[in-house]
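Just so you know, the sequence shown maps onto residues -24 to -1, 1 to 163 in mature numbering (1 follows the signal peptide of the UniProt record, and there is no 0). Glycine included, every Cβ here is placed at the ideal spot set by N, Cα and C. The structure presented is a predicted model; accordingly, all values stated were derived computationally and were not measured. Below: the structure, in structure tokens.
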Amino acid sequence: MKRPVALFAGALVASLVTAPPAEAAPATGGVAVTVARFAAPGAATRAYTYDTALIAPGAVVVVVATPTRGGTRALLSVRGLLPDRTYGAHAHQHPCGALPTDAGAHHQHEVDPAQPSVDPAYANPANEIWLDFTTDHRGRATVATTVGWRFADRRAGSVVVHAQRTATEPGKAGTAGPRLGCATVDF
């Protein structure tokens, strides 16, 4: 049963890279899918751009989150961003909103009692969903990660794209610069 979901997600992303449909957010069988075009806060519904120089309105974002045996696989695909540029990206606590801070902090499986979390014991890619990526010469990228846990009573609400690759050193762990864009995902 898990293999057809993975094939579906792969086929969905492949088809969207060439011709994304209207915005969608179907959630079936535990799979969360967001397909959207980034828009300025006044016009956005599921994907917001907060810095139009780094994420242009109309750029495409696809997020697919799939439960796996004992974990969660998350895939992020983008099209229409700046070419040959590295971005940070993470699952955040809340849905996107007009303000970059509306998405809240990073979703953590085990929550750091000290917030904002910059302790690598909590702010790390095993305890959070990190999806950093570098676009190709056409401004496209696809990245995936698998964490060893599933969402339970606390679920993430979005994936936020940041200006820089995610830091890992103590005192800065999990930071990735300003929030450039946000895609609401029904994890």
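Legend entry - Buried/exposed call for glutamine 84, threshold 16 Cβ in 10 Å: buried
Inset, instruction - Indicate whether at least one CB of chain D lies closer than 8 Å to the CB of arginine 116. - result: Here there is only one protein chain, and chain D is not present.
Inset, instruction - Could you have a look at proline 101 and say whether DSSP puts it in helix, strand or coil? - result: coil
Inset, instruction - Label alanine 20 either buried or exposed according to how many other C-beta atoms from any shown protein chain fall within 10 Å of its C-beta, with 16 as the threshold for buried. - result: buried
Inset, instruction - Indicate whether the contact test is met: 3 or more Cβ pairs, each with one atom in the region 90 to 100 and one in the region 14 to 33, closer than 8 Å. - result: no
Inset, instruction - Please determine if the region 119 to 126 and the region 73 to 81 are in contact, where contact requires at least 3 C-beta pairs separated by less than 8 Å. - result: no
Legend entry - Beta carbon of alanine 152 nearer than 8 Å to that of histidine 138: yes
Legend entry - Cα-Cα separation between histidine 82 and glutamine 69, rounded to whole angstroms: 6 Å
Inset, instruction - Determine the extent of the beta strand (DSSP E) in which valine 93 is found, giving its start and end residues. - result: Sequence inspection shows serine at residue 93; the valine mentioned does not correspond to that position. No beta strand (DSSP E) holds serine 93; DSSP gives it neither H nor E.
Legend entry - Length-filtered (3 minimum) beta strand (DSSP E) runs lying within the region 115 to 139: 117 to 123 and 134 to 138
Legend entry - Cβ distance (whole Å) where glycine 64 is taken to contact aspartate 108 below 8 Å: 5 Å
Legend entry - Alpha-carbon to alpha-carbon, leucine 30 and aspartate 60: 12 Å
Inset, instruction - Can you tell me which of the three DSSP states alanine 29 falls into? - result: coil
Inset, instruction - Would you list, in sequence order, the uninterrupted alpha helix (DSSP H) runs of no fewer than 4 residues that lie entirely inside the region 44 to 89? - result: none
Inset, instruction - Give the straight-line distance between the Cα atoms of alanine -3 and threonine 144, rounded to the nearest whole angstrom. - result: Confidence is the limiting factor: at alanine -3 the pLDDT is only 44, short of 50, which leaves the residue's position unreliable and the question unanswerable from this model.
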